[in-house]
Amino acid sequence: MSAPILKRLRQFAPRSPRTLLLAEFPDAKALVAAAGALRGAGVRRFDAHSPWPIEGLGRAMGLGESILPWIVLGVGLSTFLGFLAFMAWASLDYPTVHSGKPVLSIWPLIPAAIEVTWMAAGTAALVGFMALAGLPLYYHLAFRSPRFKRASDDGFFITVEGDDPRFDAEATRALLERHGGRVERLDETSAKGAPRHG
Amino acid sequence: MSQAAAEAYVDPSLTPGELTRSIAEPVEARPPRWWMVGAAGAASLALLFVGSVGWLFWKGVGVWGLGSPTFWGFDIINMVFWVGIAHTGTAVTSFMTLSRQPWKNGINRIAEAMTIFAVLCAALFPLIHVGRPWLAYYFFPLPNSMGIWPNFKGPIFADFFALNTYLYVSALFWYLGMLPDLAALRDRATNKIAFWAYGLLALGWRGGARQWSQYQKAYLLMAAIGTPLVLSVCAIVSMTFAPSILPGWHATIFPLYFLTGALAAGFSMLGMLAVFTRSFFGFKRLITEKHLETINKWTLACILGVAYVYLVEFFIAWYSGNLYERFTIIHNRLGGPYAAIYWTMLACNVLIPQLFWLKRFRTRQNLMVFVCLAITVGMWCERFVILVLSVHRDFLPGSWGMYAPSLVEVATFLGTIGIFLTMFLAFLKFLPVISMAEVKHSLPSSHAGSAP
């Protein structure tokens, strides 16, 4: 019973590609130009990696607005109303009178409801971010390239995934090189073992 | 972010590679001797907490100096003291992110760490204050066989949620901000333990444009959640006092009172920690004198708010014409048995911080630490004044009494200072102290080529 559900859920899980073209660029400008050119050439499954967010890169890649704010708003609002309803129900379930206050009054319940809302909204922001950003994904083919370590330091990279049925390795390589990229090809079968440290 | 303003806070000659090295190397190197000595001292101090709380659990709350009419003593004083210090971290990150203040980049990680450790210290006090900490789960609205629920209308219930939410959301925010830096440490790791530890925490972050765009949105949302959260936590903590009818507590200015006090306490503590970090780690190019000066300007602004609240308290006590208000706030504070503490508070919180009007005090490390230390002492006195001076002499002279902490209470407080310092030193050693990705982002060279 549960196995098919798990299997079906797994197709949504982030996973590492089988083939990857990895290109290193000298600076942010070249990265943005190459990303724009890839998009212009109709390549879909690629990403541009940089140690800090680069303005204009998302636009060049044609990334849309994130839906994360809507997720956070939805979770926050439903938590607020839900927790308020719960406290109201519990106040009636076990009525107590404190300093002559009415058994059920909405105002003293609001501070706690707001705090719980932020707890839920913060969780939604972090978990939603992870889901939308494809994290956690501890193994990715790009990690096999020692050069890729600089993506968190001062390097600029583009990775093109080979899983796209229209993936044309030679044309893509030529395009990336034309924009100043140092290209290497990574294949899942070409290397063995987990990525090494050091 | 305006580029010119950002450049003033970072050394423009730094390259991203140098930046990674200078922040990551202290984490990777063997800890220096001062760190070992400091950590040993702080951990020993933290043991005081374990010992005194162990004794408390063994004997019961009778080992404290509490008794009629003062039932909220050192435990609540120190809780409010630590909560106050805790406020600045998330405030710095949230307010400054939303208002795009570039100076936060160098110090927000330190401020957030300070927040989390201080809230942890604060949260220990209510836990032991309830007397039977193994029953602390009664705070949670859990269904149980007795069919009872917490009093949802009580401010203590909201206070419980405020503290927990603050701790939790601050920790999430801290972690989210650290994610790209943890990936950088993972990529630089030269031994297996570091590789696995930072690797697990970094979640496989690759810095892809798709990840960055979601990340920036998530960070902004966290800041948007954090801003009202910070304001609400002060307000809710103050409301555990304000709804009671005691003179000195029953005032509508209390949320503002706690907010200004908390921010002043937090900024002055942040100033000290920033000085400590930059002088011991040699981060002088990353935490610049301009950072220190900006922190001190904020401290001064908050101190002016504190002084205003003190003034309003006196005014209302006089203007209300209420005998008890006048007695508690004017006579008992200025000339009562605890007058020394009140005058220390006024000197430390109002007089000494005025030195920050002078540029020399804002930029010279040792002068600035002196003022910050004074404010920290003053803020502690303020918590004492708020708590004890309102309850030890109430409406009926026949029920007056005095409160003095027992040795166990003092040891518990010193122990939390040890816990705070231990955690802060561990943070300095094991985590990236300055946000590499954010500082790189603000470097002038990082945008040279990108599209406008």
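If you're matching them up, the sequences are chains C and X in order.
First residue of the first sequence? That's 62 in the numbering used here, and the numbers climb one at a time after it.
First residue of the second sequence? That's 1167 in the numbering used here, and the numbers climb one at a time after it.
Note that CB positions come from ideal geometry on N, CA and C, so glycine has one too.
As the structure is a computational prediction, the values presented were derived from the model and not from experiment.
Between the CA atoms of residue j and residue i - distance to the nearest angstrom
{"i": "residue 177 of chain C", "j": "residue 1213 of chain X", "result": "34 Å"}
{"i": "residue 1519 of chain X", "j": "residue 1467 of chain X", "result": "10 Å"}
{"i": "residue 147 of chain C", "j": "residue 1307 of chain X", "result": "10 Å"}
{"i": "residue 257 of chain C", "j": "residue 204 of chain C", "result": "Low per-residue confidence applies at residue 257 of chain C: pLDDT is 49, beneath 50, and the placement is therefore not dependable, though the value from the model is reported in the following sentence. Cα-Cα distance, rounded: 9 Å."}
{"i": "residue 1422 of chain X", "j": "residue 1342 of chain X", "result": "30 Å"}
{"i": "residue 1614 of chain X", "j": "residue 1599 of chain X", "result": "In this predicted model, residue 1614 of chain X has a pLDDT of only 48, less than 50, meaning its place in the structure is not dependable enough to derive any value."}
{"i": "residue 1489 of chain X", "j": "residue 1405 of chain X", "result": "23 Å"}
{"i": "residue 76 of chain C", "j": "residue 66 of chain C", "result": "18 Å"}
{"i": "residue 68 of chain C", "j": "residue 1193 of chain X", "result": "41 Å"}
{"i": "residue 1543 of chain X", "j": "residue 1396 of chain X", "result": "23 Å"}
{"i": "residue 229 of chain C", "j": "residue 235 of chain C", "result": "10 Å"}
{"i": "residue 226 of chain C", "j": "residue 105 of chain C", "result": "10 Å"}
{"i": "residue 1310 of chain X", "j": "residue 144 of chain C", "result": "18 Å"}
{"i": "residue 197 of chain C", "j": "residue 1540 of chain X", "result": "46 Å"}
{"i": "residue 1270 of chain X", "j": "residue 1453 of chain X", "result": "10 Å"}
{"i": "residue 1300 of chain X", "j": "residue 1219 of chain X", "result": "13 Å"}
{"i": "residue 1559 of chain X", "j": "residue 1483 of chain X", "result": "16 Å"}
{"i": "residue 1138 of chain X", "j": "residue 1440 of chain X", "result": "Look at the range of chain X in this structure, 1167 to 1618, and you will see that residue 1138 of chain X is not part of it."}
{"i": "residue 1264 of chain X", "j": "residue 1445 of chain X", "result": "30 Å"}
{"i": "residue 1511 of chain X", "j": "residue 1570 of chain X", "result": "18 Å"}
{"i": "residue 138 of chain C", "j": "residue 1391 of chain X", "result": "13 Å"}
Element boundaries [alpha helix (DSSP H), containing residue i]
{"i": "residue 1607 of chain X", "result": "1602-1608"}
{"i": "residue 1187 of chain X", "result": "1182-1194"}
{"i": "residue 171 of chain C", "result": "171-193"}
{"i": "residue 1278 of chain X", "result": "1270-1295"}
{"i": "residue 1259 of chain X", "result": "1240-1264"}
{"i": "residue 1353 of chain X", "result": "1321-1354"}
{"i": "residue 85 of chain C", "result": "Residue 85 of chain C -> not in any alpha helix (DSSP H); beta strand (DSSP E) instead, spanning 80-86."}
{"i": "residue 1529 of chain X", "result": "1525-1529"}
{"i": "residue 1400 of chain X", "result": "1375-1405"}
{"i": "residue 1438 of chain X", "result": "1420-1447"}
{"i": "residue 1457 of chain X", "result": "1455-1486"}
Any chain X beta carbon closer than 7 Å to residue i
{"i": "residue 215 of chain C", "result": "yes"}
{"i": "residue 108 of chain C", "result": "yes"}
{"i": "residue 158 of chain C", "result": "no"}
{"i": "residue 183 of chain C", "result": "yes"}
{"i": "residue 251 of chain C", "result": "Because the pLDDT of residue 251 of chain C is 49, which lies under 50, any placement of that residue in the model is unreliable, and the number read from its coordinates should be weighed accordingly. Taking Cβ atoms only, chain X never reaches closer than 7 Å to residue 251 of chain C, which makes this a no."}
{"i": "residue 207 of chain C", "result": "no"}
{"i": "residue 259 of chain C", "result": "At residue 259 of chain C, the pLDDT of 40 sits below 50, so the modelled position is not reliable; the number obtained from the coordinates is stated separately. Output row for residue 259 of chain C: interface = yes."}
{"i": "residue 145 of chain C", "result": "no"}
{"i": "residue 129 of chain C", "result": "yes"}
{"i": "residue 150 of chain C", "result": "no"}
{"i": "residue 190 of chain C", "result": "yes"}
{"i": "residue 196 of chain C", "result": "yes"}
{"i": "residue 193 of chain C", "result": "yes"}
Where residue i falls, given that 16 or more other Cβ within 10 Å makes a residue buried
{"i": "residue 1210 of chain X", "result": "exposed"}
{"i": "residue 1432 of chain X", "result": "buried"}
{"i": "residue 1241 of chain X", "result": "buried"}
{"i": "residue 1268 of chain X", "result": "buried"}
{"i": "residue 155 of chain C", "result": "exposed"}
{"i": "residue 1362 of chain X", "result": "exposed"}
{"i": "residue 159 of chain C", "result": "exposed"}
{"i": "residue 1608 of chain X", "result": "buried"}
{"i": "residue 1336 of chain X", "result": "buried"}
{"i": "residue 1356 of chain X", "result": "exposed"}
{"i": "residue 1491 of chain X", "result": "buried"}
Chain C contact for residue i (CB, 7 Å cutoff)
{"i": "residue 1382 of chain X", "result": "yes"}
{"i": "residue 1488 of chain X", "result": "no"}
{"i": "residue 1388 of chain X", "result": "yes"}
{"i": "residue 1423 of chain X", "result": "no"}
{"i": "residue 1315 of chain X", "result": "yes"}
{"i": "residue 1379 of chain X", "result": "yes"}
{"i": "residue 1143 of chain X", "result": "Residue 1143 of chain X is absent from the model: chain X starts at 1167 and stops at 1618."}
{"i": "residue 1318 of chain X", "result": "yes"}
{"i": "residue 1333 of chain X", "result": "no"}
Integer Cβ distance of residue i from residue j, believed to fall under 8 Å
{"i": "residue 1496 of chain X", "j": "residue 1481 of chain X", "result": "Not quite, the Cβ-Cβ distance comes to about 10 Å (not below 8 Å), so this is no contact."}
{"i": "residue 1246 of chain X", "j": "residue 1277 of chain X", "result": "That pair is no contact at about 19 Å."}
{"i": "residue 82 of chain C", "j": "residue 184 of chain C", "result": "Contact flag wrong, Cβ pair sits at about 37 Å."}
{"i": "residue 206 of chain C", "j": "residue 245 of chain C", "result": "6 Å"}
{"i": "residue 1399 of chain X", "j": "residue 1328 of chain X", "result": "5 Å"}
Span of the beta strand (DSSP E), counted from its first residue to its last, around residue i
{"i": "residue 245 of chain C", "result": "243-248"}
{"i": "residue 109 of chain C", "result": "107-110"}
{"i": "residue 59 of chain C", "result": "What the structure shows of chain C is the stretch from 62 to 259, and residue 59 of chain C is not part of that stretch, so it cannot be assessed."}
{"i": "residue 102 of chain C", "result": "Unbroken run through residue 102 of chain C: none, as it is neither H nor E."}
Give me the subset of the stretch 164-183 of chain C whose CB atoms are less than 8 Å from a CB atom of chain D, sorted by chain position.
You won't find chain D in this structure, because its protein chains are C and X.
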